[in-house]
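Enquirer: Counted from 1, the sequence shown has number 61 at position 61 by UniProt numbering; the numbering is strictly sequential.
Mind looking over this structure? Questions follow.
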Amino acid sequence: MDRLDELEVFIAILDSGSLIGASRKLRRSPPAITRALGALEERVGTRLIERTTRHLVATEAGLRLAQHARRVLSDYEETVQEDASAPLRGVLKVTAPVVFGRRHVAPIVNSYLDLYPEMRVELVTNDRNLDFIEEGIDVGVRIGAMADTSMVARRVGQVQSLLVASPDYIARKSAPKSIAEIAEHDVIFTAIREKAPEWRFRHNGREQIVALTPRLIVNEIDAVLLAAKAGRGLARVLSYQVADELLAGTLLRVLPKIESPVLPVQLIVPSARLMAPKSRAFLDLAISKLSTLNVIQTS
């Protein structure tokens with residue numbers, strides 16, 4: 001048990017006049033109260049309370065300790081309250097996928113810095129899921145299913161997987177008319193990890209797998225977008241990654257009626273218990289900002 005906690009138990013016993021009273025006040029079991037008192041008496045090396053059949057009375061040593069304990073507990077409470085109301089200061093470490101981080105999280109970071117001038121932020125954009133504890137990350141954006149169920153996630157929307165190509169490519173090769181025809185086209189394949197070059201689709205409730213022979217394999221989304229806009233072939237991307245390109249017409253959707261896999265967009269923290277005020281402030285701001293994005297569907 002925490003030493004400050006032992007002092008709180010000791011004062012509760014004195015104020016309530018009994019172990020049962022302290023148990024009710026602190027909402028702990030009587031054995032837990034007895035153990036805490038015994039540990040404190042063992043620590044100071046003397047009896048602090050004399051037990052009679054009717055009353056508990058503080059010994060002389062107990063009275064001296066109680067005087068100091070009340071001051072310590074009061075100082076602690078005052079310090080905690082002052083800290084909670086103090087301006088946010090320190091460093092917040094945030095992670096997000098590369099394109100999503102650049103386009104949508106960076107503006108949130110800028111707003112956060114404006115709101116809290118004594119805060120500093122480290123934004124780490126990476127398409128690999130970083131270890132929050134090992135990397136010292138406070139808040140993250142994750143797209144897709146969560147592998148680590150110990151993390152706390154707040155869903156803020158969802159994105160879709162889309163098949164796209166440039167107008168130039170479609171003019172030269174024409175767009176595929178079915179999933180089966182995709183295998184006959186030039187393909188830009190994203191290989192973040194080693195895996196078979198294939199794309200999986202669902203059509204009419206059934207999964208269809210297309211084995212690919214990519215003309216270009218890259219491991220970074222910016223290179224995929226550059227190649228796709230240059231007319232190198234079909235690319236499979238997430239809706240937020242090509243929102244600007246689709247709006248500008250530099251990329252076009254291919255087979256738009258095919259069912260597109262939906263992936264959740266989530267804000268992640270290591271734990272919701274006793275969350276740092278700096279993280280809570282960023283989460284509140286991010287939730288309000290991300291829920292208004294057109295590239296994230298909240299339905």
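For every residue, glycine included, the Cβ atom is placed at its ideal position computed from N, Cα and C.
(1) Evaluate Ile182 with the Cβ neighbour count: other Cβ atoms within 10 Å of its Cβ, from every protein chain shown; 16 or more gives buried, anything less gives exposed.
(2) From the DSSP output, which residues share a beta bridge with His203?
(3) Since I believe Leu290 is in contact with Gly136 (beta carbons under 8 Å), could you give me their beta-carbon distance rounded to a whole number of angstroms?
(4) Over the uninterrupted beta strand (DSSP E) stretch that includes Ile49, give me the two end residues.
(5) Comparing C-alpha positions only, which one of Ala145, Tyr112 and Val121 sits nearest to Gln266?
(6) Could you say which of Pro30, Ala32 and Ile11 lies nearest to Glu63 if we only look at CA atoms?
(7) For a test of the three-state rule: what should DSSP assign to Val156, helix, strand or coil?
(8) Please report how far the alpha carbon of Ile47 lies from the alpha carbon of Glu41, in whole angstroms.
(9) Less than 8 Å between the CB atoms is what I'm expecting for Ile108 and Ala281, so what's the real figure, rounded?
(10) Give the range of the beta strand (DSSP E) segment to which Ile258 is assigned.
(11) Secondary structure at Lys289, three-state DSSP: helix, strand or coil?
(12) Are the Cβ atoms of Val91 and Gly140 separated by less than 8 Å?
(13) Which residues in the same chain as Arg89 place their Cβ atom closer than 7 Å to its Cβ, once the five residues preceding and following it in sequence are excluded?
(14) State the Cα-Cα distance for the pair Ala171 and Ala228, rounded to the nearest angstrom.
(15) Looking only at its chain, what residues have a beta carbon closer than 7 Å to the beta carbon of residue 307, apart from the 5 residues adjacent to it on each side?
(16) May I ask you to report which of helix, strand or coil DSSP gives Ser279?
(17) Thinking just about the alpha-carbon of each residue, which of Asn129, Leu162, Ser166 and Pro167 is nearest to the one in Met151?
(18) In the region 220–272, which residue ranges form an unbroken beta strand (DSSP E) of at least 3 residues, counting only runs that do not cross its ends?
(19) Flag this pair as yes or no: are the beta carbons of Val224 and Ala235 separated by less than 8 Å?
Expert: Taking the coordinates as given:
(1) Against the sequence shown, residue 182 aligns to sequence position 182. Per the 10 Å Cβ criterion, buried.
(2) The residue given as residue 203 occupies position 203 in the sequence shown. In DSSP, His203 forms a bridge with Arg206.
(3) Residue 136 sits at position 136 when you count from the first residue of the sequence shown. Residue 290 sits at position 290 when you count from the first residue of the sequence shown. Their Cβ separation, rounded to whole angstroms, is 23 Å, which puts Gly136 and Leu290 out of contact at 8 Å.
(4) Within the sequence shown, the letter at position 49 stands for residue 49. Element bounds for Ile49: Ile49 to Arg51.
(5) For the purposes of this step, residue 266 is taken as residue 266 along the sequence shown, with counting starting at 1. It is Ala145 whose Cα lies nearest to the Cα of Gln266.
(6) Working through the sequence shown from its first residue, we reach residue 63 at position 63. This sequence places Leu at residue 63; Glu is not what is there. Comparing Cα positions, the closest option is Ile11.
(7) For the purposes of this step, residue 156 is taken as residue 156 along the sequence shown, with counting starting at 1. Correct three-state label for Val156: strand.
(8) Mapped onto the sequence shown, residue 47 falls at position 47. Mapped onto the sequence shown, residue 41 falls at position 41. Note on identity: in this sequence residue 47 is Arg, with Ile being the wrong assignment. Taking the straight line joining both Cα atoms gives about 6 Å.
(9) Within the sequence shown, the letter at position 108 stands for residue 108. Within the sequence shown, the letter at position 281 stands for residue 281. That belief does not hold up - the Cβ atoms of Ile108 and Ala281 are roughly 11 Å apart, past 8 Å.
(10) Here residue 258 corresponds to residue number 258 of the sequence shown, with the count starting at 1. Per DSSP, Ile258 belongs to no beta strand (DSSP E) and is neither H nor E.
(11) The residue given as residue 289 occupies position 289 in the sequence shown. Lys289 falls in the helix class under three-state DSSP.
(12) Translated into the one-based positions of the sequence shown, residue 91 becomes position 91. Translated into the one-based positions of the sequence shown, residue 140 becomes position 140. It is not a contact, given that the beta carbons lie outside the stated cut-off.
(13) Residue numbering aside, residue 89 sits at position 89 when the sequence shown is read from its first letter. Closer than 7 Å at the Cβ level, and outside the excluded window around Arg89, lie Glu118 and Met119.
(14) The sequence position of residue 171 within the sequence shown is 171, counting from 1. The sequence position of residue 228 within the sequence shown is 228, counting from 1. Going by the C-alpha atoms only, they are around 14 Å apart.
(15) This structure leaves residue 307 out entirely; the chain is present only between 1 and 299.
(16) Here the question's residue 279 lines up with position 279 in the sequence shown. It is helical.
(17) Mapped onto the sequence shown, residue 151 falls at position 151. Selected option, being the one with the closest Cα: Asn129.
(18) Counting only runs of 3 or more residues that sit fully inside the region 220–272, the beta strand (DSSP E) segments are 234–238 and 262–269, in chain order.
(19) Taking the sequence shown and counting its residues from 1, one reaches residue 224 at position 224. Taking the sequence shown and counting its residues from 1, one reaches residue 235 at position 235. Against a cut-off of 8 Å, the Cβ pair of Ala235 and Val224 comes out as a contact.
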